[in-house]
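For the sequence shown, position 138 matches number 136 in this note's numbering, and the numbering has no gaps at all.
Quick reminder that beta carbons are idealized off the backbone N, C-alpha and C, glycines included.
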Amino acid sequence: MELITLILFAIALNLDSIAVGTAYGVRGIKLPLTSLLIISGMSAGAVALSMAAGGLVADFLSPGAAHRLGGIILFLIGLWILYHSVSETRGKGDNQEEDHPKTILQIRIKNMGLVINVLREPHQADLDRSGEISSGEAVLLGAALAVDALGAGFAVSMLGFSIVSTALVVGLGHIITTCAGMYIGRRAGATALCRQIVTLPGCILIALGLYKIY
């Protein structure tokens, strides 16, 4: 059951990568392996660092209290992500203009300006307009995408998960979901799919949090 929980946790953190990958695929922006590894590594690193910090806090708590606190934090993070995802998508749907051709995806998963711009205009992460995400640009994007991983990693550390295993699964999951998103974008430009999955990360974290609380 712990393995399933870990996999669901990684999926929740990485579903936004499908949206980002789709945006790049639609615009034909290349993401070299080096840049992809940098972004994935930063997500994994953020999880590892936050789990280490959470582990220090958990040492002062009983196992039961640590599990409940971790579950509560996961629940609150999931609730926060779900609220902002739904409200942003609904607001954009109400204000969307059909003659606005530059908008690629009308969703937002992160409350970071860089990621919002990337989802709307993927080339804005391509600062030098080369049609390719360089290593330096990957660092900026990776930092934005790793924000949610900080709080979630802190919470999951109290559930007794291995730092190494969790970081590896999150990093690998990021690579897989980003590549899947780019494939979807190149083949179909499936923005509707991204709109449908926008609420899933929050829902998964809420479910995991409730499971660990009770």
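- Message: Taking 8 Å as the cut-off, does the region 28 to 43 touch the region 144 to 154 (at least 3 CB pairs, one atom from each stretch)?
- Response: Touching, per the Cβ criterion.
Discussion item. Using the Cβ count rule (16 or more neighbours within 10 Å means buried), how would you classify L210?
Written reply: Leu is not the amino acid found at residue 210; the sequence shown has Lys there. Residue burial is scored here from C-beta neighbours: K210 has at least 16 other C-beta atoms within 10 angstroms and is therefore classed as buried.
Bridge partner(s) assigned by DSSP for K28
E130
Note to self: So, under 8 Å CB-CB, F152 and I71 are touching, yes? Tell me the CB distance rounded to an integer number of Å.
What the structure shows: 7 Å
Self-check item: For S160, the three-state DSSP class (helix, strand or coil)
Solution: Judged by DSSP in its simplified three-state form, S160 adopts coil rather than helix or strand.
Exercise for review: With a threshold of 16 other CB atoms inside 10 Å of the CB of S33, please say whether the residue is buried or exposed.
Suggested key: Burial call: buried.
**Prompt:** Is it true that the region 161 to 178 meets the region 9 to 29, where meeting means three or more beta-carbon pairs spaced less than 8 Å apart?
**Reply:** yes
So which of M180, L206, G207 and I202 has the shortest CA-CA distance to G26? M180
Worksheet item: Does DSSP classify D57 as helix, strand or coil?
Response: coil
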